[in-house]
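Colleague:
Number of protein chains: 4
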Amino acid sequence: MTDRTRAWPRMTQASGPVDVSPDTLRAMQRPVLYHYDPAFLQLFERVVSLLRDVFQTRHDVVIMQGEAVLALEAAAASLVRPGTTVLNLVSGVFGDGYAGWIRKYGGEVVEVRVPYNEAIDPESVKMALDAHPEISMLSVVHCETPSGTMNPVGEICRIARDRGVITVVDTVSGLGVEAYSPEAWGIDIAVAGPQKCLGGVPGLSLVAVSPAAWAAMECVENPLRGSYLSLLDWKSSWIEQRRFPYTPSVSDIFALEATLEQAVCEGIDRMAARHQWVAAAARAAIAALGLTLWPARSEIAAPGCTAVAIPGGTSADEIVHAMRNRYGVMVSGGYGELAGQVVRLGHMGPTAHPTALFAQLGVFERALLDLGVAIQTGAGVGAAVERLAGWNDAAAG
Amino acid sequence: MTDRTRAWPRMTQASGPVDVSPDTLRAMQRPVLYHYDPAFLQLFERVVSLLRDVFQTRHDVVIMQGEAVLALEAAAASLVRPGTTVLNLVSGVFGDGYAGWIRKYGGEVVEVRVPYNEAIDPESVKMALDAHPEISMLSVVHCETPSGTMNPVGEICRIARDRGVITVVDTVSGLGVEAYSPEAWGIDIAVAGPQKCLGGVPGLSLVAVSPAAWAAMECVENPLRGSYLSLLDWKSSWIEQRRFPYTPSVSDIFALEATLEQAVCEGIDRMAARHQWVAAAARAAIAALGLTLWPARSEIAAPGCTAVAIPGGTSADEIVHAMRNRYGVMVSGGYGELAGQVVRLGHMGPTAHPTALFAQLGVFERALLDLGVAIQTGAGVGAAVERLAGWNDAAAG
Amino acid sequence: MTDRTRAWPRMTQASGPVDVSPDTLRAMQRPVLYHYDPAFLQLFERVVSLLRDVFQTRHDVVIMQGEAVLALEAAAASLVRPGTTVLNLVSGVFGDGYAGWIRKYGGEVVEVRVPYNEAIDPESVKMALDAHPEISMLSVVHCETPSGTMNPVGEICRIARDRGVITVVDTVSGLGVEAYSPEAWGIDIAVAGPQKCLGGVPGLSLVAVSPAAWAAMECVENPLRGSYLSLLDWKSSWIEQRRFPYTPSVSDIFALEATLEQAVCEGIDRMAARHQWVAAAARAAIAALGLTLWPARSEIAAPGCTAVAIPGGTSADEIVHAMRNRYGVMVSGGYGELAGQVVRLGHMGPTAHPTALFAQLGVFERALLDLGVAIQTGAGVGAAVERLAGWNDAAAG
Amino acid sequence: MTDRTRAWPRMTQASGPVDVSPDTLRAMQRPVLYHYDPAFLQLFERVVSLLRDVFQTRHDVVIMQGEAVLALEAAAASLVRPGTTVLNLVSGVFGDGYAGWIRKYGGEVVEVRVPYNEAIDPESVKMALDAHPEISMLSVVHCETPSGTMNPVGEICRIARDRGVITVVDTVSGLGVEAYSPEAWGIDIAVAGPQKCLGGVPGLSLVAVSPAAWAAMECVENPLRGSYLSLLDWKSSWIEQRRFPYTPSVSDIFALEATLEQAVCEGIDRMAARHQWVAAAARAAIAALGLTLWPARSEIAAPGCTAVAIPGGTSADEIVHAMRNRYGVMVSGGYGELAGQVVRLGHMGPTAHPTALFAQLGVFERALLDLGVAIQTGAGVGAAVERLAGWNDAAAG
């Protein structure tokens with residue numbers, strides 16, 4: 186048992202990171218470059234350009250050298266000062282957590298909160314903004330990966346923009362599952378990560394920053410500069426001078442180039458459609474197995490990750506361990522307040538594909554049987570096979 | 186369509202080569218060495234030692250620097266001379282083909298032949314040997330990959346050995362699906378390849394040579410030396426002097442080391458059990474889908490590759506193309522005389538695993554539906570899920 | 186010209202990152218793991234253990250997920266509060282810069298400063314500490330890579346420790362060039378990076394933290410928690426609960442494991458000796474070419490990077506570009522206030538080796554000739570060849 | 186000592202294989218494909234097309250799946266029959282060896298022979314052909330790597346072609362050091378390998394076949410078909426039907442694609458010039474060190490490999506071992522009849538570059554000093570630095 190536990194999994198279909206493509210892995214094999222090598226400067230420039238294509242934006246983009254929580258905190262650290270009032274929308278663990286940074290940097294929190302299997306209603310945002318005209322910033326999570334839910338970020342942010350409120354969106358696992366641009370949706374700071382639906386390697390924050398957001402950062406008291414948390418440092422170094430504030434993670438940048446190239450090559454629309462198709466098939470499987478989706482309604486389910494309520498007689502831990510240790514498939518259990526309540530079947534990046542889904546569902550069925558959960562064998566995979574009729578016409582293979 | 190055709194598949198589950206493990210791929214990333222570098226000499230020695238472990242033999246082993254047909258021809262070229270009579274057993278395309286080499290090197294062929302969905306009956310071997318006392322060599326294929334069938338090589342070769350007949354076995358896709366040793370089975374020359382059930386990279390022949398076989402090669406008129414086809418060259422160079430007859434394929438040797446290490450680490454018994462479990466599950470799926478196995482009986486089906494008769498209303502080409510082009514799974518159609526008659530679902534090496542099987546079967550079902558074949562969706566994968574009850578106790582994850 | 190500029194260099198022998206070993210590159214080829222996969226948890230544990238071996242410490246170690254400036258700022262952010270007085274030692278660009286973080290987090294700076302081609306005199310530290318009994322923290326840079334100089338950190342920190350002053354050492358390019366332990370030298374927070382003399386990949390901070398440093402962080406007003414800059418988060422998550430504060434940079438951790446394994450395998454003493462041998466040979470070459478070392482004395486020259494004053498008639502930029510664009514060798518020019526004044530020949534990690542040194546010096550000679558600098562051809566490499574007599578006895582090949 | 190011996194070298198600058206480029210190594214990281222996968226068929230087609238570009242030919246090309254001796258023997262096996270008279274030109278070990286295959290396949294050998302430090306005089310070829318009008322085939326080695334010499338193949342083959350004699354040229358280490366086309370030089374069968382001056386991975390034969398050669402193969406008695414040694418098999422399978430005679434070495438083909446792409450990208454003229462520049466600099470170094478070039482004259486020295494006579498007081502083995510074991514540089518000693526007489530400094534493929542040359546020469550000097558050979562330190566590298574003046578104008582960096 187020890188040996189099998191220690192071994193690498195066959196497939197990583199968790200809530201991110203997930204399996205990355207061979208091309209992305211290969212990209213990290215390129216010799217490490219000195220960051221001021223002309224080849225690296227050109228490559229970094231190209232990566233920035235690809236990132237704008239993937240964000241479908243003409244805003245500036247910044248690649249912060251740390252996992253997305255770095256940029257999420259950086260946004261708060263750059264925009265929030267004592268006296269700032271922020272409307273923080275909470276539909277899950279990450280939304281809830283953002284209040285901590287707002288308070289840490291001295292801000293006041295106004296909260297709109299829904300149960301963790303629900304999504305934020307744009308009407309409630311309107312009401313909160315009307316009730317609190319002092320609100321100057323709004324923070325919201327696009328996809329709440331811990332709950333497998335998705336908020337209507339476009340509607341929400343357009344409401345805020347119309348009122349001159351700066352919007353900060355955690356779209357870490359949202360970029361790639363809906364085709365949007367920050368401009369169209371009214372997002373001032375969009376924070377994504379390569380290791381979720383883009384199918385890349387963790388270690389970087391991908392940020393799109395609107396002119397209004399830059400202006401707001403520069404207008405606060407004591408603008409944040411000279412810090413690992415500073416977005417403005419990247420503006421004054423890379424964007425304005427083609428210098429780096431410090432040594433970037435060279436190999437991760439190589440991987441990011443490959444990840445973004447693949448996204449551009451596939452097309453963001455097609456990538457989003459692919460995630461939506463596979464997620465719909467996963468939900469069909471869950472229903473056919475007689476299990477319960479965690480999100481209250483199918484329409485608010487996240488396309489990157491299907492959260493399933495734990496069936497009676499077993500536990501999240503048992504399911505995760507059985508799938509991983511007996512059959513080599515790594516999925517995620519619950520996180521934060523949802524620990525023990527859900528198991529999450531990831532289908533992000535390269536794993537948002539029928540092959541990975543069938544493998545995952547087959548192993549899920551087998552593991553449930555092993556654990557004594559009564560299911561009709563093959564019903565889950567069968568429903569997914571059924572639901573994917575027409576796949577080829579809608580999405581890239 | 187062009188673009189999708191051009192793209193790499195998601196999974197290669199054909200009749201070999203198949204997907205190799207990440208560790209094997211990584212091994213080829215090691216810097217190329219000069220073949221007389223001390224590091225390479227040590228490594229080659231280690232590979233030879235690992236190969237003996239995998240063959241479970243104390244016989245000499247030779248790694249010829251070309252795909253297995255090189256060693257199969259080399260065996261004929263080394264042993265057959267005008268006047269040599271060879272009993273050639275034919276239960277499929279490769280068995281049939283071996284007669285060509287026997288004749289090319291001047292030998293007489295005595296043939297025992299069965300239909301290509303059948304296996305050789307050891308009794309018929311006995312009868313042929315009794316009828317032809319002039320026979321000095323026997324050639325047989327362990328697994329006929331084109332037909333997805335398997336011959337009882339152990340029984341056959343022991344019969345031959347008892348009569349002093351030299352046996353040459355094409356176990357190219359047989360090594361790893363049954364746990365055997367050449368000594369126990371009476372095999373004088375066993376020829377395998379890394380790219381089938383060991384899950385390695387094509388380009389090398391793995392050969393185990395008994396003392397009797399060496400003696401026979403040295404006794405023929407004009408023993409074969411000074412040729413790419415010569416086994417004796419490897420004896421007089423590597424085995425006796427730690428020299429190479431010519432530059433070996435350095436990177437392929439790196440890959441082979443990794444492949445063999447993984448085999449030894451898993452254990453040949455467990456590897457064989459793993460293939461047998463997955464093949465049984467594949468056959469259960471075929472039956473549940475109402476399709477017909479190509480081999481006449483389940484007992485003679487090869488554990489590395491399940492050959493399925495083409496259902497009415499479609500064709501092998503259509504199935505292969507639909508699976509590959511729409512869903513990214515590469516399987517094999519028929520080969521040689523079986524072209525158009527079967528589709529072959531490979532489960533060799535790393536693809537002999539429930540995850541790969543479920544993915545393959547789900548895509549197979551989806552493709553059949555696309556092509557208008559009436560199947561009960563989910564029945565195939567469901568039967569495989571069912572059949573794999575107990576997997577963890579019998580085989581490594 | 187454009188094409189050549191765009192091309193990858195043959196060798197990266199700059200001030201870090203430098204060329205990494207093939208084994209380190211290959212490690213990043215391993216499939217990305219979910220961070221709570223049992224395989225990743227085991228691997229992370231192993232990396233932490235290897236890091237303690239490399240630091241030769243029994244202190245806790247923390248791997249922060251960003252380049253070393255993250256941990257350097259984190260140390261200030263964790264320890265400095267309004268009212269804290271810090272003795273900041275300045276012998277170069279990085280020492281000078283540290284004052285910025287001290288002030289940013291509210292501290293008072295007492296400074297001991299020497300010219301940028303000099304090293305800090307421990308006596309001056311003693312005097313400053315005596316004159317300012319309110320000092321509770323000291324910050325110093327081990328190797329000032331921009332100047333190619335090295336401070337006597339062991340002597341300095343032991344003086345501070347005797348007075349109960351917490352010491353923070355930037356040993357980013359110092360780990361691996363002298364064999365030391367934080368305990369023996371009296372270092373409370375040692376911050377290193379994989380991408381300098383360990384020869385690894387940039388993107389992580391390697392930190393050794395003494396019990397006294399932990400206590401100090403916990404005693405300040407409003408201890409830093411819940412932030413990307415927090416060291417305490419790592420204590421309460423990984424060290425105490427085997428949880429991560431956020432997703433770590435999985436592939437960079439793979440690379441770090443390989444980097445640390447190589448260091449442990451070589452031995453830190455031998456690694457340090459190797460850097461010292463190669464640096465001595467580089468200095469011999471500079472002298473033989475009639476050029477001027479930037480550091481005032483050979484004894485204070487850094488073993489990882491030889492800074493050379495720019496000879497008359499040319500410029501740092503011209504030398505760097507000629508070496509890079511014509512001969513494919515990337516070295517560094519000056520940085521910060523030393524821009525234009527020096528060229529820096531890096532010999533860190535795998536490039537701290539005679540082969541890399543000879544290549545670099547040959548190209549340096551050729552480039553100087555191309556730029557019209559009068560040198561005696563071969564004198565530099567010849568002196569290095571001479572100086573390396575006995576190499577094999579002292580250092581690993 | 187054992188540990189160091191076992192370790193990988195830093196640089197492989199032997200007589201081939203040599204260090205390959207990172208891009209070539211990375212190419213082998215691509216997932217293994219089934220050989221009839223549409224992606225592989227397209228890729229193979231592309232490789233064939235690139236190979237014609239590298240050979241600068243419109244002749245058919247064949248990629249045989251084994252190191253170049255396979256194709257060299259295949260040429261003899263395909264063309265030579267009892268009664269065939271072949272003019273075999275011998276200026277070194279490989280030329281001498283070719284007679285073995287001619288005789289093995291039943292031919293008569295007419296020989297022109299020169300000492301192994303000399304080159305064949307085209308006049309002697311003319312005389313031999315005039316004296317033996319029965320000669321229908323000529324065999325010659327382009328670069329005799331064991332001797333570090335080069336024959337005037339263009340002049341020789343044009344003489345043969347004018348007389349209707351089929352020419353077979355071993356240009357294994359010649360492709361890439363002179364820019365030629367088989368058509369221009371009159372070569373009917375040119376056999377090269379990826380692992381020499383193209384800087385690729387060993388394991389394949391690269392063959393260009395003229396229409397006259399195809400015709401000759403088809404006209405002999407019992408044309409060679411159905412064999413690993415058959416060139417005609419490739420004609421009737423790949424060239425005429427896009428089928429493979431057997432499973433090709435998939436990963437080696439990936440590497441070959443990368444190798445050929447790099448060659449085409451650099452340009453064959455520039456690649457040849459690069460080798461010639463570096464070889465000239467190597468010879469200048471040897472002269473400056475007071476050592477003796479093995480080839481009788483500089484004009485006949487091979488551009489890929491400089492053979493140096495062993496100086497008194499030491500031995501080839503001692504030099505090779507000192508360079509390898511103490512300094513990590515692998516070069517070659519003598520081979521065949523030249524064993525013990527020469528040491529060979531390889532500068533092929535990526536190692537045909539100033540950086541690699543300076544590293545190699547510095548280590549060569551250091552090793553000679555270690556062995557007590559009196560040389561002027563730095564004289565060798567200095568002469569090479571001198572000789573490379575103008576490098577940038579003539580050759581790619």
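Protein chains in written order, with my numbering: chain A, 186 to 582; chain B, 186 to 582; chain C, 186 to 582; chain D, 186 to 582. Glycine residues also receive a C-beta, built at the ideal position from the N, C-alpha and C atoms. Treat the numbers as computed from the prediction; the structure is a model and nothing was measured.
Counting only Cβ pairs nearer than 8 Å, list the residues of chain A close to residue 445 of chain B.
Modeller: Per Cβ cutoff of 8 Å: no residues; residue 445 of chain B is ~17 Å from chain A at best.
Colleague: How about the segment 207-214 of chain B and the segment 422-430 of chain B: do they share at least three Cβ pairs that are nearer than 8 Å?
Modeller: Because the criterion of three Cβ pairs below 8 Å is not met, the segment 207-214 of chain B and the segment 422-430 of chain B do not touch.
Colleague: Please classify residue 450 of chain B: is it buried, with 16 or more other beta-carbons within 10 angstroms of its beta-carbon, or exposed?
Modeller: exposed
Colleague: Could you check whether the segment 341-354 of chain A touches the segment 434-441 of chain A, counting it as contact only if at least three pairs of C-beta atoms, one from each stretch, sit closer than 8 Å?
Modeller: no
Colleague: Just the C-alpha distance for residue 475 of chain C and residue 560 of chain C, rounded to the nearest angstrom, thanks.
Modeller: C-alpha separation (whole angstroms): 7 Å.
Colleague: Are the Cβ atoms of residue 297 of chain D and residue 264 of chain D separated by less than 9 Å?
Modeller: Using a Cβ distance threshold of 9 Å, residue 297 of chain D and residue 264 of chain D do not count as a contacting pair.
Colleague: Anything in chain D within Cβ reach of residue 334 of chain B, meaning under 9 Å, just list it in chain order.
Modeller: Under a criterion of Cβ atoms nearer than 9 Å, no residue of chain D is adjacent to residue 334 of chain B; the nearest Cβ is some 20 Å distant.
Colleague: Of all the CB atoms in chain A, is at least one closer than 9 Å to the CB of residue 227 of chain B?
Modeller: Taking Cβ atoms only, chain A never reaches closer than 9 Å to residue 227 of chain B, which makes this a no.
Colleague: What are the start and end residues of each continuous alpha helix (DSSP H) run of 4 or more residues lying completely inside the segment 200-261 of chain C, in chain order?
Modeller: 207-212 and 223-240
Colleague: Going by C-alpha distance, which of D:303, D:282 and D:472 is nearest residue 484 of chain D?
Modeller: Nearest option by C-alpha distance: D:303.
Colleague: At the 9 Å Cβ level, is residue 554 of chain B part of the contact set with chain D, yes or no?
Modeller: no
Colleague: Is there at least one Cβ from chain B nearer than 9 Å to residue 510 of chain D's Cβ?
Modeller: Taking Cβ atoms only, chain B reaches closer than 9 Å to residue 510 of chain D, which makes this a yes.
Colleague: Below 9 Å between beta carbons: does that hold for residue 495 of chain D and residue 486 of chain D?
Modeller: no
Colleague: What is the DSSP secondary structure of residue 393 of chain C, reduced to helix, strand or coil?
Modeller: strand
Colleague: Considering only heavy atoms of the ligand FAD, does any lie closer than 8 Å to the CB of residue 263 of chain A?
Modeller: Of the ligands one can find in the structure shown there are none, so the ligand FAD has no counterpart to examine.
Colleague: Taking only beta-carbon atoms, is residue 197 of chain B less than 9 Å away from chain D?
Modeller: yes
Colleague: Should residue 361 of chain A and residue 489 of chain A be called a contact, given that it needs their Cβ atoms to be closer than 9 Å?
Modeller: yes
Colleague: With 7 Å as the C-beta to C-beta threshold (strictly closer), list the residues of the segment 198-222 of chain B near chain C in chain order.
Modeller: 207, 211, 214, 215 and 216
Colleague: Quick one: list the residues of chain C neighbouring residue 550 of chain D, beta-carbon separation under 7 Å, in chain order.
Modeller: 570
Colleague: Look at the alpha carbon of residue 581 of chain B and the alpha carbon of residue 193 of chain A, and state the distance between them as a whole number of angstroms.
Modeller: With a pLDDT of 48 at residue 581 of chain B, under the threshold of 50, the modelled position of that residue is not reliable, and the figure given next carries that caveat. Between residue 581 of chain B and residue 193 of chain A, the alpha-carbon positions lie close to 12 Å from each other.
Colleague: Counting pairs of beta carbons, one from the segment 512-524 of chain B and one from the segment 194-207 of chain B, are three or more of them closer than 8 Å?
Modeller: yes
Colleague: How about residue 529 of chain A and residue 280 of chain A: do their beta carbons lie closer than 9 Å?
Modeller: no
Colleague: Kindly indicate the opening and closing residues of the alpha helix (DSSP H) around residue 382 of chain C.
Modeller: Taken as a continuous stretch (DSSP letters only), residue 382 of chain C belongs to no alpha helix (DSSP H), as it is neither H nor E.
Colleague: For residue 363 of chain D, name the three-state secondary structure that DSSP assigns.
Modeller: Correct three-state label for residue 363 of chain D: strand.
Colleague: Look up residue 581 of chain D in the DSSP assignment and say whether it is helix, strand or coil.
Modeller: Here residue 581 of chain D scores only 48 on pLDDT, less than 50, and its place in the model is too uncertain to base an answer on.
Colleague: How would you list, in chain order, the residues of chain A whose beta-carbon sits under 7 Å from the beta-carbon of residue 456 of chain C?
Modeller: Simply none; closest approach about 19 Å.
Colleague: Around the C-beta of residue 390 of chain B, are 16 or more other C-beta atoms found within 10 angstroms, so that it is buried, or is it exposed?
Modeller: With 16 or more Cβ atoms within 10 Å of its Cβ, residue 390 of chain B is classed as buried.
Colleague: Measure the CB-CB distance between residue 241 of chain D and residue 453 of chain D and report whether it falls below 9 Å.
Modeller: yes
Colleague: Taking just the CA atoms, how far does residue 257 of chain A sit from residue 317 of chain C?
Modeller: 40 Å
Colleague: When DSSP labels each residue in this structure, what does residue 189 of chain D get in the three-state scheme?
Modeller: With a pLDDT of only 39 at residue 189 of chain D, under the threshold of 50, the placement of this residue in the model should not be trusted; the figure read from the coordinates follows. In the structure shown, residue 189 of chain D sits in a helix (DSSP, three-state: H, G or I).
Colleague: Can you say whether residue 491 of chain A is buried or exposed, counting buried as having 16 or more other CB atoms within 10 angstroms of its CB?
Modeller: buried
Colleague: Identify which residue in A:537, A:323 and A:384 has its Cα closest to the Cα of residue 311 of chain A.
Modeller: Comparing Cα positions, the closest option is A:323.
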